[in-house]
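Trainee: Numbering (our numbering), first residue to last: 1 to 72.
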């Protein structure tokens, strides 16, 4: 799953180039009922990746990849 999160953050970085985002965070929240009580467990995951300026060729490749994924 971590690889999928890193891929998602890399795609976000590619899309957010004007202006470039310096820091990218992905936060996941999951709520689970406790089986032995009326309480609810809350699980949090946070993933971080620094943003960076990408060149025009890499930007074009990300756009083509997004188009291919949309066709699936």
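All C-beta atoms, glycine included, are put in the ideal place defined by N, C-alpha and C.
Predicted model, so just to flag it, every value in this text is computed and none were measured.
Hey, how far is the Cα of residue 40 from the Cα of residue 9?
Mentor: For residue 40 and residue 9, the distance between alpha carbons rounds to 29 Å.
Trainee: Specify whether the region 47-60 and the region 11-26 touch according to this definition: at least 3 beta carbon pairs, one from each stretch, less than 8 Å apart.
Mentor: Yes, since at least three Cβ pairs between the region 47-60 and the region 11-26 fall closer than 8 Å, the two stretches touch.
Trainee: Are the CB atoms of residue 12 and residue 27 nearer to each other than 8 Å?
Mentor: Contact: no.
Trainee: Tell me where the beta strand (DSSP E) around residue 70 begins and ends.
Mentor: Run containing residue 70: none in the beta strand (DSSP E); it sits in the alpha helix (DSSP H), 56-71.
Trainee: Distance check for residue 34 and residue 62, CA to CA, integer angstroms please.
Mentor: For residue 62 and residue 34, the distance between alpha carbons rounds to 42 Å.
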